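Numbering (mature numbering (1 follows the signal peptide of the UniProt record, and there is no 0)), first residue to last: -20 to -1, 1 to 196.
What follows is the structure, given as structure tokens:
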């Protein structure tokens, strides 16, 4: 009798684990990224951050700021220049970039000049930014659902990545996280030689107005 009871309990546990514990079936990778790319094209604004772990060979080591789909942006960026790290505060409004270092006032450069270094406003650009990155990913595989987001493994080309992360020239086997409810991208993790670059996004479509800094 005891043996039979144990058998029934074990059978019930196995049945519960196989049918109820895992939640819904994971979506197909290509379908998810296609949906995410379309969602990113519709984004009006976002908060972004770029962080590095280790010593990846990229000039941008850290950045935080706000972006609009029209191309304006502001925030701070830490960039390596001639072997030393420089932290800059910037406001990109129209074709003018206002920027300053730790000391001194704001200076100006053109958007074209900024593009030679790094233009964060391209992140939300439908043709060159994250939407393009998602649309050109190869072999996307949804690995798991984590607290309302899907974790996806995919390969990105160096040509597309280089626009978003200067210094990247080769393809990268990346991890990306896509919000289950909105299909928007929340994080991209790029393992590179000697370190990792992580791009995170939040506060989608929050009201954002980028204005030039006050003179003086």
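Built from N, CA and C at the ideal position, the CB exists for glycine as well.
The model shown is predicted, which means the values in this text are computed figures rather than measured ones.
Mind checking whether residue i and residue j have CB atoms under 8 Å apart?
i, j, result
"residue 36", "residue 181", "no"
"residue 109", "residue 144", "yes"
"residue 16", "residue 127", "no"
"residue 129", "residue 120", "no"
"residue 77", "residue 49", "no"
"residue 13", "residue 117", "yes"
"residue 20", "residue 111", "yes"
"residue 168", "residue 156", "yes"
Who does residue i pair with in a DSSP beta bridge?
i, result
"residue 89", "77"
"residue 197", "There is no way to answer for residue 197, as the model of the chain reaches only from -20 to 196."
"residue 181", "28"
"residue 148", "In the DSSP output, where bridge partners are listed per residue, residue 148 has none listed."
"residue 47", "26 and 53"
"residue 228", "No answer is possible for residue 228: it lies beyond the span of the chain, which begins at -20 and ends at 196."
Which whole-angstrom value describes the C-beta separation of residue i and residue j, a residue pair presumed to lie in contact below a C-beta threshold of 8 Å?
i, j, result
"residue 57", "residue 68", "5 Å"
"residue 6", "residue 28", "Contact flag wrong, Cβ pair sits at about 27 Å."
"residue 190", "residue 53", "6 Å"
"residue 59", "residue 103", "Residue 59 to residue 103, Cβ: 16 Å. No contact."
"residue 34", "residue 174", "6 Å"
"residue 51", "residue 44", "The pair is not a contact, with the Cβ atoms about 18 Å apart (cut-off 8 Å)."
Among the residues of its own chain, which have a CB less than 6 Å from the CB of residue i, if the five just before and after it don't count?
i, result
"residue 170", "152, 154 and 177"
"residue -15", "At residue -15, the pLDDT of 42 sits below 50, so the modelled position is not reliable; the number obtained from the coordinates is stated separately. Taken in chain order, the list of residues that qualify is empty."
"residue 115", "17"
Just to confirm my understanding: we take residue i, look at its own chain, exclude 5 residues before and 5 after, and list those with CB closer than 7 Å. What are they?
i, result
"residue 3", "Because the pLDDT at residue 3 is just 49, under 50, the model does not fix this residue reliably, and the value given afterwards should be weighed accordingly. Around residue 3: 125."
Tell me whether residue i sits in a helix, a strand or coil according to DSSP, three-state version.
i, result
"residue 15", "helix"
"residue 228", "One cannot answer for residue 228 here, as it falls past the ends of the chain, which runs -20 to 196."
"residue 113", "helix"
"residue 190", "coil"
"residue 97", "coil"
"residue 69", "strand"
"residue 82", "coil"
"residue 6", "coil"
"residue 21", "helix"
"residue 166", "strand"
Can you name, in chain order, every residue of its own chain whose Cβ lies under 8 Å from the Cβ of residue i, other than the five neighbours on each side?
i, result
"residue 160", "125, 128, 129 and 130"
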